[in-house]
Structure formats: C-alpha cells, structure tokens
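J.:
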Amino acid sequence: MDNKSSAGEQITGIFSPERRSILLIFISTFFFWAAIYFYAPVLPVYAESLGANLTTVGIIGAAYALPQLLFRIPIGIWSDSLGRRKPLVIGGIIMVFLGALGLWISPNPWSLSVFRGLVGVGSASWVAFTIYAVSFYPENSTTQAVGILNFIMSAALTITTALGGLVADTWGEKTAFLTAAILAIVALVFVLFARENRMPKTQSLSREGFKQVTRRPLLIVVSIMAILLFFAEFMSVWGFVPVYAARIGASDTELGILTMLASGVSMVGSLVVAPMIKRWGNIFTLVLGSIILGLSLLAVPFIHNMPLLDSVQMLNGLGWGMLLTQLMALSIHNTATQQRATTMGFFQATYAIGMLMGPLVSGFLADTFGLAVIFYFSAAICLLVIGMAYLPVLPRRQS
21 MDNKSSAGEQ
31 ITGIFSPERR
41 SILLIFISTF
51 FFWAAIYFYA
61 PVLPVYAESL
71 GANLTTVGII
81 GAAYALPQLL
91 FRIPIGIWSD
101 SLGRRKPLVI
111 GGIIMVFLGA
121 LGLWISPNPW
131 SLSVFRGLVG
141 VGSASWVAFT
151 IYAVSFYPEN
161 STTQAVGILN
171 FIMSAALTIT
181 TALGGLVADT
191 WGEKTAFLTA
201 AILAIVALVF
211 VLFARENRMP
221 KTQSLSREGF
231 KQVTRRPLLI
241 VVSIMAILLF
251 FAEFMSVWGF
261 VPVYAARIGA
271 SDTELGILTM
281 LASGVSMVGS
291 LVVAPMIKRW
301 GNIFTLVLGS
311 IILGLSLLAV
321 PFIHNMPLLD
331 SVQMLNGLGW
341 GMLLTQLMAL
351 SIHNTATQQR
361 ATTMGFFQAT
371 YAIGMLMGPL
381 VSGFLADTFG
391 LAVIFYFSAA
401 ICLLVIGMAY
411 LPVLPRRQS
C-alpha cells in the first residue's frame, strides 16, 4: 500500500500543474524562436534578389534589433509592475506572427525591413519569456534554467534554419516566411495552456529605483560584454556569413545547413556551461568561450569551400552557446525576484545595441572595404571580451 501511495505521489509530481506548465513554456519557446529564425539563412540573399545592396541588407538586420533596444526595458518594468509575464509573452508571439505574414507579402527591401522590425518587437518579449520560465525554478538553479532555455532556443534554430533553407530551395523563399507565421500560431497555442506564478502587483519602478537596478556594477559589465558579442555575431553569423557562403557557391539548402550546424553545437555550449563554471569558475569559462568564438570568426575569409566553413561555424556555435548562457545568468545574479524582469530587460535591451550596430556597421564596411574586414573586426572584438573577463566585479563562481 505504501509502495502504491509512493508511486502515485511520484506520478502526481511528474504531471503536476507546475511541471506541465514548464513543459508547455519550453515547447512554446521552441516554436517562438523557430518562427523568428526559420527564414533567417535566406533573408539576406532574398533581400539581394529584390535589389538590396549590402548596406541595405545591414539595415534589414538592424531593423530587427532596434525594437528590442527600445522596448525590452519598458517590457521588463511593465512585467514587474504587473506581477505577470504571460500576457506580454502572448503579445510578443502575435507580433512575430504578424511580422512573418508581412515578410511573406513584401514587394521590396524596405518593406522587408519594416516587417522584420515588427518581428523584432515580438522578440523583445523574450524578457518576459525568460523570467516566466525561470520563475518555476529555485534561485540557485537560475543558470540551469537559463541553460535549458538557451538549449531549446538553439534546438529551434538548429532544426528550423535547416528546414527553412530546404523549403526555400524547394518552394521558394516566400514560402519560408509563410511557414514562420504558422509556427508562431503553434507557439501561441501551447503557451495559452500554461499556468503562471503570479506575484503581487507593485508600483511602477521609480526613476531612482530603476537607477539602483541599472547601476549594479556586475550588470553593467556583463551588459557591455554582451553588446560586444552581439555586435560581432550579428556582423557575421546572422549578417554576412550567409552572403559570404553564397559567394563561394552555397545553395539555399546549404545556407540552412550552415546555420543549423552553428545552432546545433550552441545547444551543447548552453548545457555544458553550468558544470564548467562550477568546476573552473567564471573567468576561465568566459575566456574559453571568447577564444573559440574569436578564432571561428577570424578563419572565415580564409575558407573557400562549404565543408570547412560548416566546421568552423560549429566552433562558432559552441563559443556562442557558452557565452550567451553565462552572461544571461550573470545579469540576474543576486537580483531580487520582483526586479528580475526589469534587470533582464535592461540586459537584453543593452545587448540589442550590438544587434543594431553590428549589421549597420558591417554593411558599410563590406561595401567600402570588402567582406573579409567584417570577420577580422569581429574577431578583434572577442579580444576585448577576454580582457573584460578579468575585471574584479565578476564573481569567480555562481551560486
């Protein structure tokens, strides 16, 4: 009888409302990022086919980043004041859906930039998404929770970017945009059935309170590091690596595979970073991730065949997965629960500066000096991150 009771309790625990909700949020996370990046490998090439030069391709990339810079802090503050995350998550998914539909019907590069910007508005809700998922975990498991989220995000990018390239090759690039809209609907359906751990409503954060949150030295340092890393990544992998690959003969399917491999290995980076920090500490882990990322960027201009470029992008994914997970966890290290969305909003809005400036600067550099300069510049940025890893404000280990 006791054994039956124990088994029943275990089954109840496995299928408890909280566990079901975590699962639903994770599934929704997968389809959310799938909808955002399904067409990403072919978007720069598709923009060129509509008449865009490299500067305009950079502007389209920046259009995705600008709303995240503008809206992530307000979304974080609003979420903390409401004591809720779910409504903002739902609103974000709807924006991603509308943006994908707009890309599907876009007749020129400038309308692509408008609707990619609308997708960026939806992506800004990742602030609420992150804290929504983390709220189901104890504070000492934050890095683990963020690692799982980033693993799922990378899994979405891995599977859907490969499929997106294949769909574009088979039925045309426009079909990839329509498919992304359908994926957004699936994400919405799953999150609607997830419960929420509501917090008491609080007064909107005062200007002085916001300053206290954003003046934390650790948050400032990891945010600057994130700006640099997103600047480098959006100059290259999510900007001009696909353009470079197309110029050495890659098809749409091969562009999808290229992005798939980078995203797939970043899943590994997302999961191994927590045990690495526990064993070797923050500094070693940050430096290692930055070296891997920097070398993978530096190598690109010297590669003239797709198998080797695929291999190098896998290294890029490993370094990126490690660094992104670690910096996200550090951004809310020792932060009060009622201020976590605001803190995460500040962190994500700040790194959106890198997402915005990377494509803009790289488009100008590519048109002026050639594609190779982008990759040299991106690799040099990783050296700055290595130097910042030794600043004393960084905790040697995370709880």
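In case it helps, our numbering puts the sequence shown at residues 21 to 419.
Beta carbons are placed, not taken as given, at the ideal position from N, Cα and C, and that holds for glycine.
Would you call the CB atoms of Thr150 and Leu169 closer than 8 Å?
T.: Yes; because the gap between Cβ atoms is below 8 Å, this pair is in contact.
J.: Going by other Cβ atoms of all chains shown within 10 Å of its Cβ, with 16 needed for buried, is Gly407 buried or exposed?
T.: With fewer than 16 Cβ atoms within 10 Å of its Cβ, Gly407 is classed as exposed.
J.: Return helix, strand or coil for Ala356, following the three-state DSSP convention.
T.: Residue state, collapsed to three classes: coil.
J.: Roughly how many angstroms lie between the CA atoms of Ser331 and Val147, to the nearest whole one?
T.: Approximately 32 Å, taken between the alpha carbons.
J.: Between Val62 and Ala252, is the Cβ-Cβ spacing less than 8 Å?
T.: The answer is no: Cβ separation not under 8 Å.
J.: Taking 8 Å as the threshold, find out whether the stretch 367-379 comes into contact with the stretch 238-257 through three or more Cβ pairs.
T.: Result yes; three or more Cβ-Cβ pairs closer than 8 Å.
J.: By Cβ distance, which residues of its chain are closer than 7 Å to Ala386, with the 5 residues on each side in sequence left out?
T.: Once the five neighbours on either side are set aside, the close Cβ partners of Ala386 are Leu74, Phe260, Ile394.
J.: Using the three-state DSSP reduction, which class does Glu92 fall into: helix, strand or coil?
T.: First, the residue type needs correcting, since residue 92 is Arg and not Glu in the sequence shown. Note: Arg92 maps to helix in three-state DSSP.
J.: Using the three-state DSSP reduction, which class does Ala399 fall into: helix, strand or coil?
T.: The answer is helix: DSSP assigns Ala399 an H, G or I state.
J.: Can you give me the Cβ contacts of Phe50 inside the same chain, cut-off strictly under 6 Å, excluding the 5 residues immediately before and after it?
T.: Within the same chain, Phe50 has close Cβ partners Ile172, Ala176.
J.: Scan the stretch 37-112 and note each continuous alpha helix (DSSP H) run of 4 residues or more that stays entirely inside, going in chain order.
T.: Correct list: 37-57, 63-69, 74-102.
J.: Consult DSSP for Asn170 and reduce its assignment to one of helix, strand or coil.
T.: Correct three-state label for Asn170: helix.
J.: On the criterion of 16 or more Cβ atoms from any shown chain inside 10 Å, does Pro37 qualify as buried, or is it exposed?
T.: Pro37 comes out exposed.
J.: Taking the beta carbon of Ser419 as the centre, do at least 16 other beta carbons fall within 10 Å, making it buried, or is it exposed?
T.: Unreliable positioning characterises Ser419 in this predicted model, as indicated by a pLDDT of 49, which lies under 50. A coordinate reading is not provided.
J.: What separation, rounded to the nearest whole angstrom, lies between the Cα atoms of Val336 and Gln88?
T.: With the sequence shown as reference, residue 336 is identified as Asn, and Val is not the correct amino acid for it. Taking the straight line joining both Cα atoms gives about 24 Å.
J.: What's the gap between the Cα of Asn410 and the Cα of Arg360?
T.: Just to set this straight, residue 410 is Tyr in the shown sequence, not Asn. Rounded to the nearest angstrom, the two C-alpha atoms are 25 Å apart.
J.: Taking 6 Å as the limit between beta carbons, can you name the residues of its chain near Val285, skipping five residues before and five after?
T.: So the qualifying residues of the chain are Met334, Gly337, Leu338.
J.: Would you identify the three-state DSSP class for Glu216, choosing helix, strand or coil?
T.: If DSSP states are grouped into helix, strand and coil, Glu216 belongs with coil.
J.: Below 8 Å on the Cβ atoms is my contact criterion, and I expect Val293 with Gln232 to pass it. Report the Cβ-Cβ distance as a whole number of Å.
T.: 29 Å between Cβ atoms; not a contact.
J.: Please classify Arg267 as buried or exposed, where buried requires at least 16 other C-beta atoms within 10 Å of its C-beta.
T.: It counts as exposed.
J.: Assign Lys298 to one of two classes, buried (16 or more other C-beta atoms within 10 Å of its C-beta) or exposed (fewer than that).
T.: Exposed.
J.: If we count Cβ pairs, one from each stretch, closer than 8 Å, do we get three or more for the stretch 93-102 versus the stretch 114-130?
T.: With a cut-off of 8 Å, the stretch 114-130 and the stretch 93-102 do not count as touching, because too few Cβ pairs lie within range.
J.: What number of angstroms, rounded off, separates the C-alpha of Gly10 from the C-alpha of Leu414?
T.: The structure shown has nothing for residue 10, since the chain only spans 21 to 419.
J.: Would you check if there are 3 or more beta carbon pairs closer than 8 Å linking the stretch 195-209 to the stretch 51-71?
T.: Yes: the two stretches touch, three or more of their Cβ pairs being nearer than 8 Å.
J.: Do Ile95 and Leu86 have their C-beta atoms closer together than 8 Å?
T.: No, Cβ-Cβ distance for Ile95 and Leu86 is not below 8 Å.
J.: Ala392 to Met255, Cα distance in whole Å?
T.: So the alpha carbons of these two residues sit roughly 11 Å apart.
J.: Give the straight-line distance between the Cα atoms of Pro127 and Tyr59, rounded to the nearest whole angstrom.
T.: Pro127 and Tyr59: Cα-Cα distance of roughly 16 Å.
J.: Could you tell me the boundaries of the alpha helix (DSSP H) in which Phe254 lies?
T.: That run of the alpha helix (DSSP H) goes 237-255.
J.: By the three-class DSSP mapping on this structure, what secondary structure does Pro379 have?
T.: Helix, per DSSP.
J.: Considering only their Cβ atoms, is the gap separating Val65 from Leu275 smaller than 8 Å?
T.: Yes, the pair counts as a contact, with Cβ atoms nearer than the cut-off.
J.: Taking the alpha-carbon of Thr355 as reference, which of Ser48, Thr181, Phe230, Ala182 has the nearest alpha-carbon?
T.: That would be Phe230, whose Cα lies nearest to the Cα of Thr355.
J.: Does the separation of the CB atoms of Met326 and Ala282 fall below 8 Å?
T.: For Met326 and Ala282, no; Cβs fall outside 8 Å.
J.: Quick one: residues in its chain with C-beta nearer than 6 Å to the C-beta of Thr32, no 5 flanking neighbours on either side, listed in chain order?
T.: Its pLDDT being 42, under 50, Thr32 is placed unreliably in this model, and the value from its coordinates should be taken loosely. Once the five neighbours on either side are set aside, Thr32 has no close Cβ partner at all.
J.: Which ranges would you report for the alpha helix (DSSP H) in the stretch 270-331 if only whole runs of at least 4 residues count?
T.: List check, alpha helix (DSSP H) in window: 272-319.
J.: For Gln30, which residues from the same chain have a beta carbon less than 7 Å from its beta carbon, with the 5 sequence-adjacent residues on both sides left out?
T.: With a pLDDT of 38 at Gln30, under the threshold of 50, the modelled position of this residue cannot be trusted; read the value that follows with caution. Hits under 7 Å: none found.
J.: Reducing DSSP to helix, strand and coil, say where Arg416 ends up.
T.: Three-state DSSP puts Arg416 in coil, outside helix and strand.
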